[in-house]
Amino acid sequence: MRNIKNIVGVFIIFILILYSIVYYNSLTFNETQKNKKVLMVGGLTNGDYWNTIKMGAKAAAEEGNVVFEYMSTKDEGDVKGQISIINNALNKGINALVVAPNDYTEIAKVIEKAYSKNIPVIIMNSKVNTNKFNSYISADNIDEGKKAGDMLVSILGEKFKVGIISSIEGGNSSTEKENGLMELFSQYKGIKVVSKGYCLSDVTMAQDLTKRMISENNDLEAIVALNSTAAEGVSEALSEMNLEGRVKVITFDSTFKEIDYLEKGVITAIVIHDPFTMGYLSVKYAIDALNNKSIPKDIKIDSKIIDGTNMYLQENEKILFPVVK
Numbered sequence: 040m041r042n043i044k045n046i047v048g049v050f051i052i053f054i055l056i057l058y059s060i061v062y063y064n065s066l067t068f069n070e071t072q073k074n075k076k077v078l079m080v081g082g083l084t085n086g087d088y089w090n091t092i093k094m095g096a097k098a099a100a101e102e103g104n105v106v107f108e109y110m111s112t113k114d115e116g117d118v119k120g121q122i123s124i125i126n127n128a129l130n131k132g133i134n135a136l137v138v139a140p141n142d143y144t145e146i147a148k149v150i151e152k153a154y155s156k157n158i159p160v161i162i163m164n165s166k167v168n169t170n171k172f173n174s175y176i177s178a179d180n181i182d183e184g185k186k187a188g189d190m191l192v193s194i195l196g197e198k199f200k201v202g203i204i205s206s207i208e209g210g211n212s213s214t215e216k217e218n219g220l221m222e223l224f225s226q227y228k229g230i231k232v233v234s235k236g237y238c239l240s241d242v243t244m245a246q247d248l249t250k251r252m253i254s255e256n257n258d259l260e261a262i263v264a265l266n267s268t269a270a271e272g273v274s275e276a277l278s279e280m281n282l283e284g285r286v287k288v289i290t291f292d293s294t295f296k297e298i299d300y301l302e303k304g305v306i307t308a309i310v311i312h313d314p315f316t317m318g319y320l321s322v323k324y325a326i327d328a329l330n331n332k333s334i335p336k337d338i339k340i341d342s343k344i345i346d347g348t349n350m351y352l353q354e355n356e357k358i359l360f361p362v363v364k
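Under the numbering used here, the sequence shown has 335 at position 296, and the numbering climbs by one with no breaks.
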């Protein structure tokens, strides 16, 4: 009996010691994790799309117990600004990097530099000309472009004139969307792209481009706006000109202004993916990579077309109004 009591006593002591070790290691891990910094370099400082990405990123950072910082340039075309931000961060010290590159080629070297320092690198939103990264998270931009074109064909048929407005010429994700759009249009001899314009991330410029596009092509039947800035400018111009509904408008992303114009019938449809999820997964996988967990190399965020008939379905409201998450 005494031997049994001794064995039980030793076992209890062993369990207590083991629990203490696990608890101490957990505290140490959490304390170490608190000091780890994840930097996200985005495409723009403000805007509903990027603010929603930040919401998702911050949620993942809080769950992972890391320090999170978001930095960006004021202009989507400012590649050198993004490179400077990353170089400065590498000099000061970061533990993981998430980048939404404004450029396909020029930014590749600084991304490779970060990767060579064994810093986990997550590429988000747009591709970059290197494979020196841990994971790439994005919607299928080419497929989104095809969806936009297919929507117009379903509305207008196989013969119409269309204009395209984007932010910057050669802009990474916008170029992919345009490529998908043009690939779809190439299947129909009757579809003519009569004008293209670039608004340089400026709503007023997008507005002016729209007015000029319509004045030079009075039989224009549709406009595709490849990002939210272009979408807002196009919508404001059409509202001023009382052309709501006459010119069909397909846009991307989902700012509150875009949603308002969709409700009013100025915007015909929005091709949208979930930016909250993109931001969340980007930081989550950065943290996983920091902790030596295996992460997928390529993650695609699903996209869909939302119009006035389906915008208030529950699954679509969660994307359009991410504040409810």
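Quick reminder that beta carbons are idealized off the backbone N, C-alpha and C, glycines included.
Check, Outcome
"Cβ neighbour criterion (16 or more within 10 Å) applied to Lys287", "buried"
"Contact check, Ser34 vs Thr243, beta carbons under 8 Å", "Examination of residue 34 is not possible in this model, given that the chain is present from 40 through 364 alone."
"Three or more C-beta pairs below 8 Å linking the region 245-261 and the region 217-226", "no"
"CA-to-CA distance, Glu215 to Val160, given in whole angstroms", "22 Å"
"Integer-rounded CB distance, given that Ser333 should sit under 8 Å from Met163", "With a Cβ gap of about 19 Å, Met163 and Ser333 do not count as contacting."
"Secondary structure of Ala30, DSSP reduced to three states", "Residue 30 is absent from the structure shown; the chain starts at 40 and stops at 364."
"Residues bridged to Lys198 (per DSSP)", "Gly229"
"Thr290, DSSP secondary structure in three states", "strand"
"Exposure label - Asn211; buried when at least 16 CB within 10 Å", "buried"
"6 Å Cβ shell around Ala276 - same chain, five flanking residues per side excluded", "Gln246, Thr249, Lys250"
"Contact check, Ala325 vs Glu297, beta carbons under 8 Å", "no"
"Beta-bridge pairing of Met442 - partner residues as DSSP gives them", "Outside the displayed span of the chain (40 to 364) sits residue 442, for which this structure offers no information."
"For Ser240, the nearest candidate out of Val263, Ile207, Ile230, Glu260 (CA to CA)", "Ile207"
"Bridge partner(s) assigned by DSSP for Met79", "Tyr109, Val137"
"For Asp247, three-class secondary structure by DSSP", "helix"
"Pairwise C-alpha distance: Asp258 and Asp337", "42 Å"
"Three or more C-beta pairs below 8 Å linking the region 136-155 and the region 110-128", "yes"
"Where the alpha helix (DSSP H) through Asp87 begins and ends", "87-103"
"Rounded straight-line distance, which links the Cα of Lys156 to that of Tyr351", "47 Å"
"Residues near Glu349 in its chain [Cβ-Cβ closer than 8 Å; skip 5 each side]", "It should be noted that the sequence gives Asn, not Glu, for residue 349. Answer for Asn349: Asn355, listed in chain order."
"Limits of the unbroken beta strand (DSSP E) element including Asp337", "337-340"
"Contacts around Ala187, its chain only, beta-carbon distance under 6 Å, and the 5 residues preceding and following it disregarded", "Leu220, Val263, Ile289, Val310"
"N-terminal and C-terminal residue of the beta strand (DSSP E) that Val263 is part of", "261-264"
"Limits of the alpha helix (DSSP H) - the one that Val30 falls within", "No answer is possible for residue 30: the residues shown for the chain start at 40 and end at 364."
"Same chain only: Cβ atoms within 6 Å of Ile345, ignoring 5 sequence neighbours per side", "Ile309, Ile311, Asn355"
"Proximity below 8 Å, CB of Met79 to CB of Pro361", "no"
"Environment of Gly318 [buried if 16+ CB atoms lie within 10 Å]", "buried"
"C-alpha gap between Val342 and Ile181, whole angstroms", "The sequence shown places Ser at residue 342, not Val. Whole-angstrom Cα-Cα distance: 11 Å."
"C-beta atoms of Ser123 and Thr84 nearer than 8 Å", "no"
"Gly120 versus Asp299: straight-line alpha-carbon distance, rounded", "33 Å"
"Euclidean distance between Cα positions of Ala153 and Lys339", "23 Å"
"Beta-carbon contacts of Asp179 that lie in its chain and below 6 Å, excluding the five residues immediately before and after", "Lys339"
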